[in-house]
Ligand code: CA
């Protein structure tokens, strides 16, 4: 159960979402405009925000930017367009996940729970990120795969921890460069080389990935193996 703020101007979609989320025992608040949502978030921080990108008063990317200026609350953007470059842009602008309209209540709820899990696993009580058989203890800087310790260099650890904090999300090379290498400019090859080393330590290959999936032309995604 979580406090969810639904930001959606379409009354029909909004009431359907409220009904569905309430039925799943979430406490739901709603706003039809971005500025109302920002005010609400500033006063009563929710656990998670579902943000429609087509709002009457602000462009979605702009709304997200303003929201990020005042809050670290997890945000799932709801977009009508299954446009990869747009989605990547929003994820880089601070969205935690996205759903493409139309989406089912089950789908939204699954995304919501995953985002909340991630947000909560980042709390000081438990500093271990988990993804399938991978466990990455950020505070102790220890990583295990299926219970066996991984011998990682500092950079490999940082890379794995960053990806593990965003399971299922495509992370661009540029984002990795800035977050892990703390550089705004650099060589894609540097990242690819480190990814291939990390891959080897995870016992997998680019052609037969288990955890590390290359998304051609975009970046890399860490997901647990299916099944
Ligand atoms: Ca809309």
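Residue numbers (the working numbering): 1 to 227.
We put the CB at the ideal spot given by N, CA and C, even for glycine.
This structure is a prediction, so every number in the text was calculated from the model and none was measured.
Return the residue from the list the options that minimises the CA-CA distance to residue i.
i           : options         : result
residue 212 : 97, 133 and 101 : 133
residue 53  : 75, 42 and 47   : 75
residue 46  : 58, 26 and 206  : 26
To the nearest angstrom, how far is it from the Cα of residue i to the Cα of residue j?
i           : j           : result
residue 109 : residue 21  : 7 Å
residue 200 : residue 44  : 46 Å
residue 82  : residue 1   : 29 Å
residue 15  : residue 209 : 41 Å
residue 84  : residue 198 : 26 Å
residue 214 : residue 206 : 7 Å
residue 125 : residue 118 : Reliability fails at residue 125, whose pLDDT of 49 lies under 50, so the model's placement of it is uncertain and the value that follows must be treated cautiously. Their backbone Cα atoms lie some 13 Å apart in a straight line.
residue 32  : residue 180 : 37 Å
Apart from the five residues just before and just after residue i, which ones in its own chain have a Cβ nearer than 7 Å to its Cβ?
i           : result
residue 136 : 128, 129, 143, 160, 161 and 164
residue 88  : 170, 172 and 218
DSSP state of residue i, grouped into three classes?
i           : result
residue 218 : coil
residue 145 : strand
residue 173 : helix
residue 30  : strand
residue 212 : strand
residue 198 : helix
Beta-carbon within less than 8 Å of residue i's beta-carbon, same chain only, minus the 5 sequence neighbours each way: which residues are those?
i          : result
residue 61 : 53, 89, 90 and 93
For ligand 2, is there any heavy atom lying closer than 8 Å to the beta carbon of residue i?
i          : result
residue 10 : As presented, the structure is devoid of ligand 2, carrying ligand 1 as its sole ligands.
Next on the checklist: Under 8 Å, with one C-beta from each stretch per pair, do the segment 218 to 225 and the segment 164 to 181 reach the 3-pair mark?
Outcome noted: Counting C-beta pairs closer than 8 Å gives three or more between the segment 218 to 225 and the segment 164 to 181, which meets the contact rule.
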